[in-house]
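Right, one structure below, let's go through it.
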Amino acid sequence: VDLIGNPDFCKLAGAFGIPSVHIKRPADVTRMVKKALAYRDGPMLIHAECIKTDNVFPMIPAGAALEDMLIEPPKHKLAKPTGST
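Per the working numbering, the sequence shown runs over residues 1451 to 1535.
This is the structure:
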C-alpha cells in the first residue's frame, strides 16, 4: 500500500496518549517488537514499514474474496482478478 499523504501514525497515536514504535528496517523488528510487548500500561501502536514490492502474508489478492486469503506464497502463478476491485 502506498502511504503517500497519510498522517504520521506514531504522532497521531501520541496525540491520543498512545505510545508507539516505528519499524523502518528489518534489523529493528526484534528489538522494537520486544519493546512493544514489554509495555504493560495499555495499548501501543506498532508502525511497521514494508517494502512496497514485497509480498506480506497472510494477504488477500486484489479482487479476491476473504476465503481466498493466501497464508503463504502460492506454488503456482495466480490468475488475474476479474470484475471490479
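A virtual CB, placed ideally from N, CA and C, is assigned to each residue, including glycine.
Only a predicted model underlies this, so the values are computations on that prediction, with no experimental measurement involved.
Span of the beta strand (DSSP E) around residue i
i            : result
residue 1529 : Here residue 1529 belongs to no beta strand (DSSP E), and DSSP marks it neither H nor E.
residue 1495 : 1495-1498
Buried versus exposed call for residue i [16 or more other C-beta atoms within 10 Å across all chains shown]
i            : result
residue 1479 : exposed
residue 1463 : buried
Nearest-angstrom beta carbon gap, residue j and residue i [assumed within contact, 8 Å]
i            : j            : result
residue 1498 : residue 1473 : 4 Å
residue 1459 : residue 1487 : Not quite, the Cβ-Cβ distance comes to about 19 Å (not below 8 Å), so this is no contact.
residue 1485 : residue 1471 : 6 Å
residue 1521 : residue 1508 : 5 Å
Backbone CA spacing between residue i and residue j [nearest angstrom]
i            : j            : result
residue 1524 : residue 1500 : 20 Å
residue 1519 : residue 1527 : 15 Å
residue 1516 : residue 1490 : 33 Å
residue 1482 : residue 1493 : 15 Å
residue 1465 : residue 1529 : 43 Å
residue 1506 : residue 1532 : 22 Å
First and last residue of the uninterrupted alpha helix (DSSP H) at residue i
i            : result
residue 1409 : No information on residue 1409 is available, as it lies outside the stretch 1451 to 1535 that the chain covers here.
residue 1480 : 1479-1488
residue 1462 : 1459-1465
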